[in-house]
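The sequence shown begins at 84 in my numbering and counts up one residue at a time. C-beta: ideal position from N, C-alpha, C; glycine also. Quick caveat, the model's predicted, so the values are computed rather than measured.
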Amino acid sequence: MQQVPPSRPSINLEKPQQQQPNFHEYQDVFVVGAINHDVYLHCRVNNLGDRSVTWMRKKDTHILTVSLFTYTTDQRFTALHSESSDQWSLRIASAQKSDSGIYECQVSTEPKISAAFTLQVV
Numbered sequence: 084m085q086q087v088p089p090s091r092p093s094i095n096l097e098k099p100q101q102q103q104p105n106f107h108e109y110q111d112v113f114v115v116g117a118i119n120h121d122v123y124l125h126c127r128v129n130n131l132g133d134r135s136v137t138w139m140r141k142k143d144t145h146i147l148t149v150s151l152f153t154y155t156t157d158q159r160f161t162a163l164h165s166e167s168s169d170q171w172s173l174r175i176a177s178a179q180k181s182d183s184g185i186y187e188c189q190v191s192t193e194p195k196i197s198a199a200f201t202l203q204v205v
């Protein structure tokens, strides 16, 4: 008779599956702002984890902010985020007509994912 070794519970040594980041399905992607007033673009990201959010101006592919750090010399651009929130906002102080255009909220996944926001300053 063949002996069967006693069974042991299996141990999973792999990292638990982390849900992939994705954008909240209801976002205001068309924003109209008044000239010389502050404008806010709000990007909501679910399951961000340890990834970062970047705001980029599409017309010149200029990176404006990464997380809460500003990468433009134009001090009118600021990233806003509360630690317990899934919302990442781009504030444009004293918006000008030249600020009109498409802005991208990007998440540092591989490959990157992004959501486009159209701003019209009138």
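Of the candidates L131, F200, R174, H107, R174 places its Cα closest to the Cα of F152. Scanning the region 114–173 for uninterrupted beta strand (DSSP E) segments of 3 residues or longer gives 122–129, 136–140, 145–149, 160–164, listed from N- to C-terminal end. In the structure shown, S181 adopts helical secondary structure according to DSSP, grouped into three states.
From the listed residues E166, S167, T148, the smallest Cα separation to R159 is found for T148.
E193 is the residue among E193, A199, S177 whose C-alpha sits nearest the C-alpha of Q103. Around the Cβ of D182, a 10 Å sphere holds 16 or more other Cβ atoms; the residue is buried.
When the beta-carbon positions are compared, S150 and A162 come within less than 8 angstroms of each other.
Residue environment: T137 is assigned as buried (16 or more neighbouring CB atoms within 10 Å of its CB, all protein chains considered). Annotation for S197: the continuous beta strand (DSSP E) segment containing it runs 196–204. Distance between V112 and T155, taken at the CA atoms: about 23 angstroms.
Taken atom to atom, the span from the alpha-carbon of L202 to that of W171 is near 16 angstroms.
E187 is bridged by DSSP to M139, A199.
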